[in-house]
Amino acid sequence: MERRQFLKASAAAPFVLTAQQAARRPNVILVVADDLGYGDLGCYGQKRIQTPHIDRLAAEGMRFTQAYAGSTVCGPSRCALFTGLHSGHGRMRGNRETWLKPEDFTLGQMFQQAGYQTGLFGKWSLGGIGTDGHPNKKGFDEFFGYFSQMQAHLYYPQMLLHNQQEVNLPGNWGTSRKQYAHDLITDRALGWLDKVQGPFFTHIAWTIPHANNELGRDTGNGMEVPSDEPYTSQAWPQVEKNFAAMVTRMDRDMGRLMDLLKRRGLDRDTLVLFTSDNGPHKEGGHDAEFFQSGGPLRGTKRDLYDGGIRVPAIARMPGYVPAGQASDFVWAFWDVLPTCAELAGQRVAAGLDGQSVTRALRGEAQQAHEYLYWEFHERGFDQGVRHQDWKAVRKGLKGKLELYDVKNDVGERNDVAARHPEVVQRIERYLAGARSESADYPVREAGPGKRG
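Start counting the sequence shown at 1; every next residue gets the next number (my numbering).
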């Protein structure tokens, strides 16, 4: 049976919850920032950008130091997050718009089957209006956000989408810049959370600090934000003031979210997960080195070095997730669906690439993956593998396999492939067996000038 058919058949099977399971099912809020680097938060070593609310979230919960995104760009990363399949098996393996199909089972659908109220606010890369991948068809009762992945790069759009209805934003018509999409999306999310009853799953997909296209294409300053406070007086390039202001604005809204949960008495019954979809960008005039957005890691967005795929990840739920801990457990986005399924009392369909990591969330010993796998199609065909403390990268069909000991060389500077032929052979076997063919993303070498 084909993988997706098997997953669909498994997902359709009835689920039976014990009373004990039903009684302890937590609410879940999954917050994903866009292009936020491993080093952009104070709790991950950032010195100049203020992130007090997210830092507090980490102090009250668990901060993961070896969490990996689903890809090095947003579309396939979010596909892995929502389907439990890595980019060698997922529907979307590059950033062009490839919609989910009816047979693709998602995190939202799992929560709906478990009886949760579900809401999605912000960026959804997996299907626009009129497609099988629209949020209302993929597990979300309530949706407010962008029409498509490409529209999500506009910060002053002329319209957004509420479920399947257009919402005009006249304050942004013509040359006006009066309705900042991030603020509108956040207000909608908090409004929904203020009223929702019963167990709920909320996905807040913020688009900052991704570069926006309206201004960046014309002026090179693609970090548009209503105010550059509290960095107005800094002697920084304006684009970097704006970038920092975006991150601090996002942090402010994380504080608003936590205040709402506490006011409603839900913060102890809600698992809050915060992360980023991939590594930091070099777009819209922003220099990822200015704030050392990647921290000690090599590479940025569109690289399969850890700077492109290792991301900040924080979990908080008092009484379940130990407070004030840093975990070096290695996991990836495709683990989120099976993890949440266990928390919701649902069975996990066989055939997923992910595994439940609830033990790691509780600070207990957790069985690790044999390996993690990525592939990327924007510059030909790149592959990456994380196996134990080894990290391997191959750039292009004919590229040499690079091997790094990331325990002792976190910056992936010293290629040790020649010294460890047995590890190279093992990883070659993983590369050969980790993927399935995709008609939408055929394996091909990069054209002239495409490697970059």
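We put the beta carbon where it would ideally sit given N, CA and C, even for glycine.
How is P312 classed by DSSP in three states: helix, strand or coil?
Translated into positions along the sequence shown, residue 312 becomes position 312. Strand, per DSSP.
Closest by CA to Y38, which one among F329, R426, F64, G90?
Indexing the sequence shown from 1 puts residue 38 at position 38. Taking only the C-alpha atoms, the option nearest Y38 is F64.
In angstroms, rounded to a whole number, what distance separates the CA positions of D141 and L184?
To locate residue 141, count along the sequence shown from 1; it is residue 141. To locate residue 184, count along the sequence shown from 1; it is residue 184. Their Cα atoms are separated by approximately 19 Å.
Does the Cβ of H162 have 16 or more other Cβ atoms within 10 Å, making it buried, or fewer, making it exposed?
Your numbering for residue 162 matches position 162 in the sequence shown. H162 should be labelled exposed.
Three-state secondary structure assigned by DSSP to D455
Summary: the structure shown does not reach residue 455, with the chain confined to residues 1 through 452, and so no result is reported for it.
DSSP-derived helix/strand/coil call for T83:
Counting from 1 along the sequence shown, the entry for residue 83 is found at position 83. Here T83 sits in helix by DSSP.
Quickly, what does DSSP pair L273 with across the bridge? List them, please.
The count along the sequence shown starts at 1 and reaches residue 273 at position 273. The partner list for L273 (beta bridge, DSSP) reads L30, A315.
Starting from E462, trace the alpha helix (DSSP H) in both directions and tell me its first and last residue.
Residue numbering for the chain in the displayed model covers 1 to 452; residue 462 lies beyond these limits and cannot be assessed.
7 Å CB neighbourhood of R188 in its chain, flanking five on each side removed:
To locate residue 188, count along the sequence shown from 1; it is residue 188. So the list reads F121, F144, once near-sequence residues are dropped.
Check for me: the alpha helix (DSSP H) holding Y430 runs from which residue to which?
If you number the sequence shown from 1, residue 430 lands on position 430. Its alpha helix (DSSP H) spans residues 421 to 433.
Using the Cβ count rule (16 or more neighbours within 10 Å means buried), how would you classify K241?
The count along the sequence shown starts at 1 and reaches residue 241 at position 241. Classification for K241: buried.
Which value, in whole angstroms, describes the spacing of the CA atoms of Q151 and S438?
Start at 1 with the first residue of the sequence shown, and residue 151 comes out as number 151. Start at 1 with the first residue of the sequence shown, and residue 438 comes out as number 438. Spanning the two alpha carbons is a distance of roughly 26 Å.
Is it buried or exposed for L458, if we count other Cβ within 10 angstroms and need 16 for buried?
Residue 458 is absent from the model: the chain starts at 1 and stops at 452.
Rounded to whole angstroms, what's the CA-CA distance from R96 to G75? Just pull it up for me.
The residue labelled residue 96 in the question sits at position 96 within the sequence shown. The residue labelled residue 75 in the question sits at position 75 within the sequence shown. If you take the alpha carbons of R96 and G75, they lie about 8 Å apart.
Would you kindly work out how many angstroms separate the C-alpha atoms of Q112 and G139, rounded to a whole number?
Taking the first residue of the sequence shown as position 1, residue 112 is located at position 112. Taking the first residue of the sequence shown as position 1, residue 139 is located at position 139. Approximately 6 Å, taken between the alpha carbons.
Going by DSSP, name the residue or residues bridged to G119.
As a first step, residue 119 must be located in the sequence shown, where it is residue number 119. Looking at the DSSP assignment, G119 forms a beta bridge with E142, T202.
Anticipated Cβ contact below 8 Å, M246 with I204, distance rounded:
The residue you call residue 246 lines up with position 246 of the sequence shown. The residue you call residue 204 lines up with position 204 of the sequence shown. At roughly 15 Å, the Cβ-Cβ gap does not stay under 8 Å, so M246 and I204 are not in contact.
Taking the Cβ atom as the reference point for each residue, do P338 and G84 lie within a distance shorter than 9 Å?
Taking the first residue of the sequence shown as position 1, residue 338 is located at position 338. Taking the first residue of the sequence shown as position 1, residue 84 is located at position 84. Yes, Cβ-Cβ distance for P338 and G84 is below 9 Å.
Could you tell me whether the Cβ atoms of F200 and T300 are closer together than 9 Å?
Taking the first residue of the sequence shown as position 1, residue 200 is located at position 200. Taking the first residue of the sequence shown as position 1, residue 300 is located at position 300. No, they are not a contact pair.
With 16 other CB atoms within 10 Å as the buried threshold, where does L397 fall?
For the purposes of this step, residue 397 is taken as the residue at position 397 of the sequence shown. So L397 counts as exposed.
Just the Cα atoms here: how many angstroms apart are A69 and L361?
Position 69 of the sequence shown, counted from the first residue, corresponds to residue 69. Position 361 of the sequence shown, counted from the first residue, corresponds to residue 361. Their backbone Cα atoms lie some 17 Å apart in a straight line.
Determine the direct distance from the alpha carbon of R25 to that of L343, and round the result to whole angstroms.
Mapped onto the sequence shown, residue 343 falls at position 343. Mapped onto the sequence shown, residue 25 falls at position 25. Rounded to the nearest angstrom, the two C-alpha atoms are 6 Å apart.
By Cβ distance below 6 Å, which residues in the same chain neighbour A332 in space, the five residues on each side in sequence not counted?
The residue given as residue 332 occupies position 332 in the sequence shown. Closer than 6 Å at Cβ, skipping near neighbours: Y68, L372.
Measure the CB-CB distance between T248 and T51 and report whether it falls below 9 Å.
Taking the sequence shown and counting its residues from 1, one reaches residue 248 at position 248. Taking the sequence shown and counting its residues from 1, one reaches residue 51 at position 51. Closer than 9 Å, so yes.
With distances taken between CB atoms, is the gap from Y430 to V393 smaller than 9 Å?
The sequence position of residue 430 within the sequence shown is 430, counting from 1. The sequence position of residue 393 within the sequence shown is 393, counting from 1. No, Cβ-Cβ distance for Y430 and V393 is not below 9 Å.
Can you find a C-beta in chain D that's less than 9 Å from the C-beta of K398?
This model lacks chain D altogether, as it is built from one protein chain only.
Among L304, S436, A313, R413, whose alpha-carbon lies nearest the alpha-carbon of R379?
Within the sequence shown, numbered from 1, the residue matching residue 379 stands at position 379. Comparing Cα-Cα distances from R379 to each of L304, S436, A313, R413, the minimum goes to L304.
Bridge partners of Q395, per DSSP?
Position 395 of the sequence shown holds residue 395. Here the sequence assigns Lys to residue 395, which means Gln is not the residue at that position. BP columns for K395 point to D382.
Neighbour-count burial assignment, S87, 16 or more Cβ in a 10 Å radius:
As a working mapping, residue 87 is identified with position 87 in the sequence shown. With 16 or more other Cβ atoms within 10 Å, it is buried.
Relative to the C-alpha of R56, which candidate in F274, L100, R93, N221 has its C-alpha closest?
Position 56 of the sequence shown holds residue 56. Among F274, L100, R93, N221, the Cα nearest to that of R56 is on F274.
Based on Cα-Cα distance, which residue from A349, D259, E412, D440 lies nearest to F376?
Translated into the one-based positions of the sequence shown, residue 376 becomes position 376. For the residues A349, D259, E412, D440, the minimum Cα distance to F376 belongs to D440.
Within this structure, are the beta carbons of L403 and K391 separated by less than 9 Å?
For the purposes of this step, residue 403 is taken as the residue at position 403 of the sequence shown. For the purposes of this step, residue 391 is taken as the residue at position 391 of the sequence shown. Contact flag set, yes.
To the nearest angstrom, how far is it from the Cα of D306 to the Cα of Q292?
The sequence position of residue 306 within the sequence shown is 306, counting from 1. The sequence position of residue 292 within the sequence shown is 292, counting from 1. The straight-line gap from Cα to Cα measures roughly 14 Å.
Could you tell me whether the Cβ atoms of M223 and V272 are closer together than 9 Å?
Counted from its first residue, the sequence shown places residue 223 at position 223. Counted from its first residue, the sequence shown places residue 272 at position 272. Against a cut-off of 9 Å, the Cβ pair of V272 and M223 comes out as no contact.
Proximal residues to Q383 (C-beta, below 6 Å), its chain only, five neighbours per side dropped
Residue 383 sits at position 383 when you count from the first residue of the sequence shown. Counting only Cβ-Cβ distances below 6 Å, and skipping sequence neighbours, we find E375, R394, L431.
Taking E283 as part of the beta strand (DSSP E), name the residues at either end of that continuous run.
In the sequence shown, counting from the first residue as 1, residue 283 sits at position 283. E283 -> no beta strand (DSSP E), and no H or E assigned at all.
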